[in-house]
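Those letters in the sequence shown? Residues 855 to 1120, per this note's numbering, in order.
The beta-carbon is built from N, C-alpha and C at its ideal position, and this holds for glycine as well.
Quick caveat, the model's predicted, so the values are computed rather than measured.
Working notes for the structure below.
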Amino acid sequence: MLLEGKTAIITGAGSGIGRASALRYAAEGAAVVAADVREAKVEEVAAEIRDAGGRAIACGADVRLAADNERMVDAAVSAFGGLHAFFANAGTIRPGTAVDLPEADWDLVMAVNVKAVFLGAKYAMPVMADGGGGAFVATASVSGLAGDPASIVYSASKAAVINLTRALAVDHARDGVRVNCICPGAIDTPPVGRMLAAEGARERAGAHHLLGRIGQPGEIAAAAVWLSSDQASFVTGQALVVDGGLTAKSRLSGMGDPRPERLRAG
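The structure is reproduced here in structure tokens:
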């Protein structure tokens, strides 16, 4: 098992990528602190892990708050004796352009998506360093690599996560802590499901990915586990794109085959 003997904190563990990750980390041998503002949800996740023979506790936490981040780390140390991996996955999204996005929505998304990563690192890094090192992973997005329509704060927040990842990697390599982030494409989570509820929307979204479908939460969980494991021991400061080929194809492809007619035969 990739994470045998390690302890991991997963934020946003009540649903979607976070839930899948909590289950996957536990299946790979980690003791898990499943954290979410929806405490009842992570109680269910922790119970499912324990029922399967794993070790897990639930932690109701608002990742925007320093005290709650400190409490998550303290819970990991108290319950399992240390901390080796932190997956800062909690996130939120609010649509809008610079003209129509309410300022309160900007502040909310930046707090959940960016400030929470900073706060998680603030309290996790010293504990992981004292234990000989570890791995810190954050959820970014392909939306942080390019602008999306009517998504100004989400795109900005995820771009911030990508460079925050690099800055953390620079600062904490000397402590033996690797820092990376994951840039998912469209993943079948509850928020994406709501956005793709219209007839045919899921199929249209899938068609933009080279693999012809949107991704599943477990596919991001697998990437997070790998980044948290010793198999990724030489990987730090990276933004790992896991998007089914969404960003690989030029948007100019709709212009048709640019080759001369004589080269297109066969």
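Handout entry: Reduced DSSP category for N943 - H, G, I as helix; E, B as strand; rest coil
Key = As a position in the sequence shown, residue 943 is number 89, starting the count at 1. In the structure shown, N943 sits in coil (DSSP, three-state: anything other than H, G, I, E or B).
Problem - Distance, D1042 Cα to L1064 Cα - result: Walking along the sequence shown from the start, residue 1064 turns up at place 210. Walking along the sequence shown from the start, residue 1042 turns up at place 188. Straight-line Cα distance between these residues: approximately 16 Å.
Handout entry: Uninterrupted beta strand (DSSP E) stretches inside the segment 899 to 972 (no shorter than 3 residues)
Key = 910 to 914 and 939 to 942
Handout entry: Whether P1071 touches G870 by CB criterion (7 Å)
Key = Position 217 of the sequence shown, counting from 1, holds the residue named residue 1071. Position 16 of the sequence shown, counting from 1, holds the residue named residue 870. Contact: yes.
Handout entry: Range of the contiguous beta strand (DSSP E) that encloses A889
Key = Position 35 of the sequence shown, counted from the first residue, corresponds to residue 889. Taken as a continuous stretch (DSSP letters only), the beta strand (DSSP E) holding A889 covers A885 to D890.
Handout entry: the segment 1016 to 1024 contacting the segment 990 to 1000, beta-carbon criterion three pairs below 8 Å
Key = yes
Problem - DSSP-derived helix/strand/coil call for G1069 - result: Reading the sequence shown from its first residue, position 215 is the one you call residue 1069. Looking at G1069 - three-state DSSP - the assignment turns out to be strand.
Exercise for the section: Please state whether DSSP places G872 in a helix, a strand or coil. Expected result: As a working note, residue 872 is residue 18 in the sequence shown. It is helical.
Practice task
State buried or exposed for V953, treating a residue as buried only when at least 16 other CB atoms are found within 10 Å of its CB.
Solution key: As a first step, residue 953 is located in the sequence shown; it is residue number 99 there, counting from the start. Under this definition V953 is an exposed residue.
Problem - Beta-carbon proximity list for Y977, same chain, < 7 Å, skipping 5 on both sides - result: Taking the sequence shown and counting its residues from 1, one reaches residue 977 at position 123. Cβ within range, chain order: N923, E924 and V927.
Practice task
Could you tell me whether the Cβ atoms of V886 and A906 are closer together than 7 Å?
Solution key: On the sequence shown, position 32 is the one that residue 886 refers to. On the sequence shown, position 52 is the one that residue 906 refers to. No, these two residues do not count as a Cβ contact at 7 Å.
Handout entry: DSSP state of G998 mapped onto helix, strand, coil
Key = Position 144 of the sequence shown, counted from the start, is the residue given in the question as residue 998. Residue state, collapsed to three classes: helix.
Exercise for the section: Hey, could you find the ends of the alpha helix (DSSP H) I1006 is sitting in? Expected result: The count along the sequence shown starts at 1 and reaches residue 1006 at position 152. Segment I1006 to H1026, the alpha helix (DSSP H) holding I1006.
Practice task
Using the Cα positions of W836 and M964, report the straight-line distance between them to the nearest angstrom.
Solution key: Nothing in the structure corresponds to residue 836, since the chain is present only between 855 and 1120.
Practice task
Taking all protein chains shown into account, decide if M982 is buried (16 or more other Cβ within 10 angstroms of its Cβ) or exposed.
Solution key: Within the sequence shown, residue 982 is the residue found at index 128, counting from 1. Answer is buried; the Cβ neighbour count reaches 16.
Handout entry: Close-in-space but distant-in-sequence residues of the same chain around A874 (CB under 6 Å, 5 per side omitted)
Key = Indexing the sequence shown from 1 puts residue 874 at position 20. Correct list, in chain order: P1071, G1072 and A1075.
Practice task
Using 10 angstroms around the beta-carbon of A894, count the other beta-carbons present and answer buried if the total reaches 16, otherwise exposed.
Solution key: Along the sequence shown, read from residue 1 onward, the residue named residue 894 stands at position 40. Counting Cβ neighbours within 10 Å, A894 comes out exposed, since fewer than 16 surround it.
Handout entry: Assigned secondary structure, L1081 (DSSP; H/G/I helix, E/B strand, else coil)
Key = As a position in the sequence shown, residue 1081 is number 227, starting the count at 1. Three-state DSSP puts L1081 in a helix.
Practice task
Give me whichever residues DSSP pairs with G974 in a beta bridge.
Solution key: Here residue 974 refers to the residue found at position 120 of the sequence shown. Answer by DSSP bridge pairing: none, since G974 is not bridged.
Problem - A1075 (DSSP reduced to helix, strand or coil) - result: Indexing the sequence shown from 1 puts residue 1075 at position 221. In this structure, A1075 counts as helix in the three-state DSSP scheme.
Practice task
Pull up the CB-CB distance for G988 and V1031, whole angstroms please, since I reckon it's below 8 Å.
Solution key: As a first step, residue 988 is located in the sequence shown; it is residue number 134 there, counting from the start. As a first step, residue 1031 is located in the sequence shown; it is residue number 177 there, counting from the start. Correct: roughly 5 Å between the Cβ atoms.
Problem - Pick from G883, D1097, V1096 and G1001 that is closest to R909, judged by C-alpha positions - result: Against the sequence shown, residue 909 aligns to sequence position 55. Residue G883 is the option with its Cα nearest to R909.
Practice task
Can you give me the Cβ contacts of L1094 inside the same chain, cut-off strictly under 8 Å, excluding the 5 residues immediately before and after it?
Solution key: Working through the sequence shown from its first residue, we reach residue 1094 at position 240. Counting only Cβ-Cβ distances below 8 Å, and skipping sequence neighbours, we find N1034, C1035, I1036, C1037, A1077 and L1081.
Exercise for the section: Determine the direct distance from the alpha carbon of E1057 to that of R1113, and round the result to whole angstroms. Expected result: As a working note, residue 1113 is residue 259 in the sequence shown. As a working note, residue 1057 is residue 203 in the sequence shown. Computed Cα separation, rounded: 30 Å.
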